[in-house]
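In the working numbering, the protein residues as written are 1156 to 1804.
Structure below.
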């Protein structure tokens, strides 16, 4: 069926006088009038393409009931197919830049006239719809659907009288209607119908049928009904599917399941059915906070079913795959709310590891979802200010880039000071390869493989741990040479020999580890920030990034310039402090990352505090690791026992 939406334009009456106030009023009125005309034209164009998409989809879905094996099996249906294919040609000729659509429509009309089999007709309708999708503006979608109970109530109030209580097309009025109402549970037909087709039918009604426009419902209610009607043929598939890489919610609503299967090679029937039955992952994939809520709800459901290990894993995912990607923007907007959500999510995760906490977990779920909804409202594109985006962008790069830069800088200055400038290129090679590898890993995660938040944290935690151990050793080694009498002899006898036997690649490796562990997460944070902003706000994010890069470059230049001027003893003393401080910071971040990945337990410290810039978090495990580094550093610096300075090499 197709929808014909008439447009109405009111008459405009103007009176011209020489009064300046009236003249200015007239100009404003004319501007508003022409704006209205332009908007109406744009809306008409969108309406035309959507009507054509509806026609093409209807022909593709219902043609099998009209023709089989080259013979007409239902004259009324075939007459309708002939009428619609002719209408498709007529309307495509009215489109701007629609020549490809006209050619596809003519091909469809000829195939219908020749009574071709359905397996010939369907690909043509798909081709026509794909052309029309490109010509049509992006579909306006809500950020989330209504709760299932509310949607079911809407369906019973507005749809069940015709389509039946369960969508079988057998409602109380069905027998009196011609054509009969659609059976939403007919899976074969559902595989050829898109959600946007259902939405358009709900929004505009269907001419020539009993389907009227449900104009009294708002957009969110209509989309919720469309998703619900589109799910009724797939109720046997209740799982939670993972959205295939590269597929957007726009793709999902604009294409039928069969089209999606041909468009995305990694997609299978089970995943399509699960996404139709439970579309929450589609909305969550575009919104980190929606993902957090989805995983928390899934965790609560698993916990209530007694699946405590699964519940704990889902609670971890709620933070790592969801909230963590939005916390930078939220921290720039409301640091207190960010901390409150972190505390709630940590408490939720800890409860999932204990049995008989159903009431507490349910209450905490409600509280945390409320906090996340508050954060969603704050971080919507309509409310997130340019200054907030600038600050978040600035903080992301400064926070993630500073410690990596300091490690690279320390390695470079040591090599320069020890007269091995030729080895500096290995350090530079390490961080340059890390930049390339980090971006490549991110691209692969978006298009080829799935890297969970837990995997990301394990990578970061292990990298930080390795870097902390190596830097601590280097700090200890440099301190032992601070007062070396035979320092120059040591350089001549050892540095040149050791740096020519594989140590150069070791330096490159340390440089790589220090940078790679930050790059991948930084890219993810910026990607999440972009999804929380309007297109017009991109410059604010770019400005924050550039400002942070300039600050890091200045810091790098200042330290390089002045550290190299220091006498050898002061240089090594400064470098010792820097290395030990970095190892202190990195060991704290390593423990925190491995805790977030659920590899190390979390025992909260009685006093709640966080100093993320220096890697201090209020858990006994993290503080114990940093205390160990601190004690060993003090022993090194005051020269007790085996940590004392040595005068010779």
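Ideal Cβ positions, reconstructed from N, Cα and C, are used throughout, including at glycine.
In the DSSP assignment, the residues bridged to residue 1766 are 1771. Sequence-distant partners of residue 1677 (beyond 5 residues in either direction) whose C-beta falls short of 8 Å from its own C-beta, in its chain, are 1551, 1552, 1555, 1556 and 1593. Assignment of beta-bridge partners to residue 1759 by DSSP yields 1774.
Counting along the chain, the unbroken alpha helix (DSSP H) around residue 1525 starts and ends at 1513-1533. Residue pairing by DSSP places residue 1226 opposite 1223 in a beta bridge.
As the crow flies, the alpha-carbon of residue 1514 is around 28 Å from that of residue 1434. In the three-state scheme derived from DSSP, where H, G and I count as helix and E and B as strand, residue 1590 is classed as helix.
Distance check between residue 1370 and each of 1508, 1383, 1355 and 1668 places 1355 closest, using alpha-carbon atoms only. Going by DSSP, residue 1393 is part of no alpha helix (DSSP H) at all; its letter is neither H nor E. Counting the other Cβ atoms within 10 Å of the Cβ of residue 1289 gives fewer than 16, which makes it exposed. Taken through DSSP and simplified to helix, strand or coil, residue 1509 comes out as coil. C-alpha of residue 1421 to C-alpha of residue 1399: approximately 7 Å in a straight line. With fewer than 16 other Cβ atoms inside 10 Å of its own Cβ, residue 1766 counts as exposed. Judged by DSSP in its simplified three-state form, residue 1277 adopts helix. Annotation: the continuous alpha helix (DSSP H) that includes residue 1317 extends over 1315-1318.
Judged by DSSP in its simplified three-state form, residue 1583 adopts helix. When the five nearest sequence neighbours on each side are left out, the beta carbons in the same chain lying within less than 6 Å of the beta carbon of residue 1389 are those of 1428, 1431 and 1432, in order along the chain.
Separation of residue 1244 and residue 1482 (C-alpha to C-alpha, rounded to the nearest whole angstrom) is 51 Å. About 19 Å separates the beta carbons of residue 1582 and residue 1704, which is beyond the 8 Å limit, so they are not a contact pair. Here residue 1271 carries a coil assignment [DSSP, helix/strand/coil]. Nearest neighbour of residue 1397 by Cα position, chosen from 1361, 1437 and 1364, turns out to be 1437. The continuous alpha helix (DSSP H) containing residue 1488 extends over residues 1482-1488.
Around residue 1738, the same chain offers 1623, 1626, 1627 and 1784 as residues with beta carbons nearer than 6 Å, after the five sequence neighbours per side are excluded. Between the alpha carbons of residue 1558 and residue 1564 lies a distance of about 10 Å. Counting only residues of its own chain and dropping the five nearest sequence neighbours on each side, residue 1675 has a CB closer than 6 Å to the CB of 1593, 1596 and 1597. According to the DSSP assignment, residue 1376 belongs to the alpha helix (DSSP H) that extends over 1374-1386.
Under the 10 Å beta carbon count, residue 1212 is surrounded by 16 or more other beta carbons and is classified as buried. Judged by DSSP secondary structure, residue 1407 falls within the alpha helix (DSSP H) whose first and last residues are 1404-1409. Check the Cα spacing between residue 1410 and each of 1456, 1382, 1351 and 1260: the tightest is with 1351. Across the structure, residue 1247 and residue 1359 are spaced so that their CA atoms are roughly 20 Å apart.
Here residue 1331 is exposed, its C-beta having fewer than 16 other C-beta atoms within 10 Å. With a threshold of 16 other beta carbon atoms within 10 Å, residue 1716 falls short and is exposed. Straight across, the Cα-Cα distance linking residue 1415 with residue 1425 is about 12 Å. Buried is the label assigned to residue 1696, since at least 16 other Cβ atoms lie within 10 Å of its Cβ. DSSP places residue 1345 inside the alpha helix (DSSP H), whose first and last residues are 1342-1345. In the displayed model, residue 1675 falls within a helix according to three-state DSSP.
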